[in-house]
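*Asks:*
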Amino acid sequence: MQLAIAHDTIARWQFGVTTVYHFLFVPLTISLAALVAGLETAWVRTGKEKYFHATKFWGKLFLINIAMGVVTGIVQEFQFGMNWSDYSRFVGDVFGAPLAMEALIAFFFESTFIGLWIFGWDKLPKKIHCACIWLVAIGTMLSAYFILAANSWMQHPTGYTIDPVTKRAQLTDIGKVLFQDTTLVVVFHTLTAAFLTGAAFVVGIASWHLWKAKRKPASADQRRTASMRTSLRLGLVLAVVAGLGTALSGDTLAKVMFEQQPMKMASAEALWDTQAPAPFSIFAVGNVQKGHNSVELEIPGILSFLAKSDFHSPVPGINDTAAAEAAKYGGKPSDYIPDIFVTYWGFRLMIGFGMTSFVAGAIGLWTTRKKWFLAPEFRTGEDEPPRLMLTRTRELGPTLTKWSWRIGILTMGFPLVANSFGWIFTEMGRQPWSVFGLLTTADSVSPNVGVGTQVIAFSTFTALYAVLAVIEVRLLAKYAKAGPDVDERPPAKDPRLRGPGSDEDADRPLAFAY
Amino acid sequence: MQLHDVWFVLIAVLWTGYFFLEGFDFGIGVLTRLLARDRAERRVLINTIGPVWDGNEVWLLTAGGATFAAFPDWYATLFSGFYLPLLIILVCLIIRGVAFEYRHKRTEERWQNGWEQAIFWTSLLPAFLWGVAFGNIVHGVAIDQQKNYIGGFGDLLNPYALLGGLTTLLLFTFHGAVFAALKTVGDIRTRARAMALRLGLVTAVLALAFLTWTQVHRGDGWSLAALVVAVLALLGALAANQLAREGWAFILSGLTIVAAVTMLFLSLFPDVMPSTLNPAWSLTVSNASSAPYTLKVMTVVAAVFTPLVLLYQGWTYWVFRKRIGVQHIPSGRPAGPAGPAAPAAPAAES
């Protein structure tokens, strides 16, 4: 039995590590695809070179990132069968469907049109080329949708029956799986968080360039500054809109979860006993054995509001919920309590890091505003770094200016941290279940895969991912620091798909080659 | 024909599509060491599959996802049973995808050389291991009453499966050489044809041995017909290659793969993973499949989207129909999507 415990522990660790790692690339891919699509559309419509340069620049970073997203995604699809074969047998009838749809509908879209976009600069008419990146962007979002539908079914199974003979889940209503409220809210929350991630990334890199241009105006290229300034504004607007969306959808999601998985939300708050009104915890040190917190700092009533939209409703606590689950499914109450430390702090770090980015975006959006809100002498040109303005006539002092730009740069990765903790929270908050109320994680693991084999796989993936992370980050940094290649010109004339002019110089080098 | 039979056919189609398409891009990867003489030629080869390899690989993901949805037990038994070979394949596919994308992003010799080595090995190993895996699927493995594979890693490396691995490796490399002859121009094109001949002859011997073994072990009349088609197509591909009819050679080398994979699936049916311990424990299309409702839903999805996928993937091949040669490869400066730009790379590096 000793062996069996270690057995699912390693599979859990592998799933956690590979999933969190994969999800570093996913939100950036989703948001950068759409951002690049937007920028290319702006270029196609206006013909302005700053949009062309921005498209190319963010496109490069997007490609470095999506390569990692794609390859780490392959592991995600296959490790269900490798490490979690009993889970796969139990859920395949339901869970396999959105996964197969993801591959057939979304992956083919992304992978085919990304190839056309990368290699098609001199082959496709620019409108078609631009349509390709839009299709990639749609593909990435569809992919997120299907996989979140699958995950939502694990959080809140619906549209199934348990087959009396095989004792396995059997799909009865695909509509419920694809369109249940958990799915819809989670999709909204994940996509807005993804856009916040891309926004912070763009703001960070654009800030780096603009702050450099500000400090060393002599060495700055005005065209580069123009393209970075546009990117900065785009990023800031997106950070505010997406940040707001993330907060709203997060609030809705919390209300859904209070209904569907009260234990997850109680443990997010380390709320041991049912309370009415329930307070929102700011800080707590808990004692799991005794089932209460030894130290706590809280705001009265807020948790009731988060759960039920009023300040008085009772919110069920961990102890009561655990007792109820034990009565329903058997065993001891303590079997049903997730790791409170991880869920409590995961929840806080998610909100803290995510909302810091939102606030930083809002402040940045205000201080970098232009024209109408500024006295004429403070206005800056499109190709200069903006002045950071507090009011119409008041600029931030040198220290505040320096730190504002630095915060823009330093918060670049904050949403990535928030995303990771969000997933850690929601997956660990569901424990001991892999499919809530139906199958425990301990019963999900492959019975025939030995611990030695799992250790090999886990250490292989961890080592490989670590090496690739170093390579990827250094490559991103190199290309991000280099900035847009402002000497590059868009194709002199629009390429044609066929007919005369599509192939005038047969020996011309490829516009892009691996 | 029941729905689970339809899905058996669809899974077979997905794997066939995967081996047809990724077959030649694995082959191209192997040929970067066998055929290309220098970096420029290696880049020519890599760029023949540049715009399409990613889309080709999705056939695998779709085959995996469709197996999960339509035959959960097949998916669970296969992936937990063939754990280590699959782990190696996954590691290869991870490195390979990154290698294509990152190789040209820096100009340092060590960097480029490292990724080029990676492309070779991560194309060669999966090309071999998929054959081993399918050899074992068709041959049957130690599956217990709970549908779990209880053999070890060593049991998967039996002579029949190893022959299967060599066959797919050579067949894919041959298919890749034929594809290279079709897609390149200049000196490398002529050499690709010459290499296709040599690879094709070895492939013919291996394929004949492997498929005959399969036929004797599990075959019936239908699989025999597929075997004959595979062998004839391979000989036809060789002949067309000799006549410098590269399009025909490619169609026929593709047909060889289609017929060979079809033959494997025909000899498998109605099992999906036979048990060598007790025939009653074998996974079959009926005891490993999902319930009819799921199959119906997935049939509708597949019927709508598969033609669409074929259409736009086909269009991609048409857009990039032009042959390429060393003259089309931009100079050694790192070509980001921004074309021949050298971000912060001192010229001395190259």
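Quick note, the sequences are listed as chains A and B, same order. By the count of the working numbering, the first sequence reaches residue 1376 at its end, each step adding exactly one. By the count of the working numbering, the second sequence reaches residue 723 at its end, each step adding exactly one. Glycine is no exception: its CB is placed at the ideal position from the N, C-alpha and C atoms. Since this is a predicted model, take the numbers as computed values, not measurements.
Alpha carbon to alpha carbon, what distance is there between alanine 895 of chain A and glutamine 1042 of chain A?
*Replies:* Their Cα atoms are separated by approximately 27 Å.
*Asks:* Taking beta-carbon pairs under 8 Å, can you tell me which members of the region 671 to 691 of chain B lie near chain A?
*Replies:* Listed by position along the chain: Met671, Val674, Ala675, Phe678, Thr679, Val682, Tyr685, Gln686 and Thr689.
*Asks:* Indicate whether glycine 400 of chain B and phenylalanine 545 of chain B have their beta-carbon atoms separated by less than 9 Å.
*Replies:* Yes, Cβ-Cβ distance for glycine 400 of chain B and phenylalanine 545 of chain B is below 9 Å.
*Asks:* By Cβ distance, which residues of its chain are closer than 8 Å to glutamine 485 of chain B, with the 5 residues on each side in sequence left out?
*Replies:* Once the five neighbours on either side are set aside, the close Cβ partners of glutamine 485 of chain B are Arg412, Arg476, His477 and Arg479.
*Asks:* Within a Cβ cutoff of 6 Å, which residues of the same chain sit near glutamate 1257 of chain A, ignoring the five residues on either side of it in sequence?
*Replies:* Once the five neighbours on either side are set aside, the close Cβ partners of glutamate 1257 of chain A are Arg1249 and Met1251.
*Asks:* According to the Cβ coordinates, are glycine 1163 of chain A and histidine 1174 of chain A closer than 9 Å?
*Replies:* Yes, Cβ-Cβ distance for glycine 1163 of chain A and histidine 1174 of chain A is below 9 Å.
*Asks:* Given that a residue counts as buried once 16 or more other Cβ atoms are within 10 Å of its Cβ, and exposed if not, what is alanine 1368 of chain A?
*Replies:* So alanine 1368 of chain A counts as exposed.
*Asks:* Anything in the region 1225 to 1252 of chain A with a Cβ closer than 7 Å to a Cβ of chain B? List those residues in chain order, please.
*Replies:* Listed by position, the residues of the region 1225 to 1252 of chain A near chain B (Cβ gap below 7 Å) amount to none.
*Asks:* Where does leucine 498 of chain B land, buried or exposed, given buried means 16+ other C-beta within 10 angstroms?
*Replies:* Counting Cβ neighbours within 10 Å, leucine 498 of chain B comes out buried, since at least 16 surround it.
*Asks:* For leucine 1359 of chain A, would you say it is in contact with chain B, using Cβ-to-Cβ distances shorter than 9 Å as the test?
*Replies:* Yes - at least one Cβ of chain B is within 9 Å of the one on leucine 1359 of chain A.
*Asks:* Please report how far the alpha carbon of valine 634 of chain B lies from the alpha carbon of leucine 1330 of chain A, in whole angstroms.
*Replies:* Their Cα atoms are separated by approximately 34 Å.
*Asks:* Name, going along the chain, the residues of the region 464 to 483 of chain B whose beta-carbon falls closer than 7 Å to a beta-carbon of chain A.
*Replies:* Hits within the stretch, in order: Val464, Leu466, Ile467, Gly470, Val471, Phe473, Glu474, Tyr475, Arg476, His477 and Lys478.
*Asks:* Using a Cβ-Cβ distance cut-off of 9 Å, determine whether lysine 520 of chain B contacts chain A.
*Replies:* At least one chain A Cβ lies under 9 Å of lysine 520 of chain B.
*Asks:* Quick check on DSSP: helix, strand or coil for proline 713 of chain B?
*Replies:* Here proline 713 of chain B scores only 40 on pLDDT, less than 50, and its place in the model should not be relied on; the value that follows carries that caveat. It is coil, neither helix nor strand.
*Asks:* In the DSSP assignment, what residue or residues form a beta bridge with serine 704 of chain B?
*Replies:* Paired residues: none, contrary to the question.
*Asks:* Could you check what DSSP says for alanine 999 of chain A in three-state terms: helix, strand or coil?
*Replies:* Three-state result, alanine 999 of chain A: helix.
*Asks:* Taking only beta-carbon positions, decide if phenylalanine 957 of chain A is within less than 9 Å of chain B.
*Replies:* Output row for phenylalanine 957 of chain A: interface = yes.
*Asks:* In its own chain, which residues sit with a C-beta less than 6 Å from the C-beta of arginine 1030 of chain A, not counting the 5 before and 5 after it?
*Replies:* Cβ neighbours of arginine 1030 of chain A beyond the five flanking positions: Phe952.
*Asks:* List, in order along the chain, the chain A residues whose C-beta lies closer than 8 Å to that of threonine 435 of chain B?
*Replies:* Neighbours of threonine 435 of chain B on chain A, chain order: Ala962, Ala965, Leu966, Phe969 and Phe970.
*Asks:* Is there at least one Cβ from chain B nearer than 9 Å to alanine 1222 of chain A's Cβ?
*Replies:* Chain B contact via Cβ: absent.
*Asks:* For serine 662 of chain B and phenylalanine 444 of chain B, which I take to be in contact (beta-carbon distance under 8 Å), what is that distance rounded to the nearest angstrom?
*Replies:* Indeed they touch by this definition, with Cβ atoms about 5 Å apart.
*Asks:* I'd like the list of long-range same chain contacts for proline 719 of chain B, defined as Cβ closer than 6 Å, with 5 residues on each side in sequence excluded.
*Replies:* Low confidence applies to proline 719 of chain B: its pLDDT is 38, below 50, so where it sits in the model is not reliable, and the reading given next is rough at best. Once the five neighbours on either side are set aside, proline 719 of chain B has no close Cβ partner at all.
*Asks:* So, is the C-beta of arginine 1370 of chain A closer than 9 Å to a C-beta in chain B?
*Replies:* True, the Cβ-Cβ gap to chain B drops below 9 Å.
*Asks:* Using a Cβ cut-off of 8 Å, pull out every chain B residue sitting near lysine 985 of chain A, in sequence order please.
*Replies:* Residues of chain B passing the Cβ test: Val692 and Phe693.
*Asks:* For the region 1295 to 1319 of chain A, enumerate the residues whose C-beta is nearer than 8 Å to any C-beta of chain B, in chain order.
*Replies:* Within the region 1295 to 1319 of chain A, the residues whose Cβ lies closer than 8 Å to some Cβ of chain B are Ser1308, Pro1309, Asn1310, Val1311, Thr1315, Ile1318 and Ala1319, listed in chain order.
*Asks:* First and last residue of the alpha helix (DSSP H) that includes methionine 1119 of chain A?
*Replies:* Counting along the chain, the alpha helix (DSSP H) containing methionine 1119 of chain A begins and ends at 1084 to 1122.
*Asks:* Say whether the region 566 to 577 of chain B touches the region 416 to 432 of chain B, bearing in mind that this needs 3 or more beta-carbon pairs closer than 8 Å, one atom from each stretch.
*Replies:* With a cut-off of 8 Å, the region 416 to 432 of chain B and the region 566 to 577 of chain B do not count as touching, because too few Cβ pairs lie within range.
*Asks:* Quick check: what's the CA-CA separation for alanine 1055 of chain A versus phenylalanine 981 of chain A?
*Replies:* Computed Cα separation, rounded: 30 Å.
*Asks:* Among the residues of its own chain, which have a CB less than 6 Å from the CB of leucine 611 of chain B, if the five just before and after it don't count?
*Replies:* Around leucine 611 of chain B: Gly573.
*Asks:* Around the Cβ of glycine 428 of chain B, are there at least 16 other Cβ atoms within 10 angstroms (buried) or fewer (exposed)?
*Replies:* That one is buried.
*Asks:* From what residue to what residue does the beta strand (DSSP E) around phenylalanine 444 of chain B run?
*Replies:* No beta strand (DSSP E) holds phenylalanine 444 of chain B; DSSP gives it neither H nor E.
*Asks:* Only counting the same chain, and skipping five residues up and downstream in sequence, which positions put a Cβ closer than 6 Å to that of glutamate 1244 of chain A?
*Replies:* The residues are Ala1088.
*Asks:* For the structure I just gave you, are there three or more beta carbon pairs, one from the region 1338 to 1351 of chain A and one from the region 912 to 923 of chain A, closer than 8 Å?
*Replies:* Yes, since at least three Cβ pairs between the region 1338 to 1351 of chain A and the region 912 to 923 of chain A fall closer than 8 Å, the two stretches touch.
*Asks:* From this set, B:Val631, B:Gly508 and B:Glu489, which residue's C-alpha is nearest leucine 529 of chain B's C-alpha?
*Replies:* Per the Cα distances, B:Gly508.
*Asks:* Rounded C-beta distance between phenylalanine 942 of chain A and tyrosine 949 of chain A? I'm assuming under 8 Å.
*Replies:* That pair is a contact at about 7 Å.
*Asks:* State the Cα-Cα distance for the pair glycine 698 of chain B and leucine 1359 of chain A, rounded to the nearest angstrom.
*Replies:* Computed Cα separation, rounded: 21 Å.
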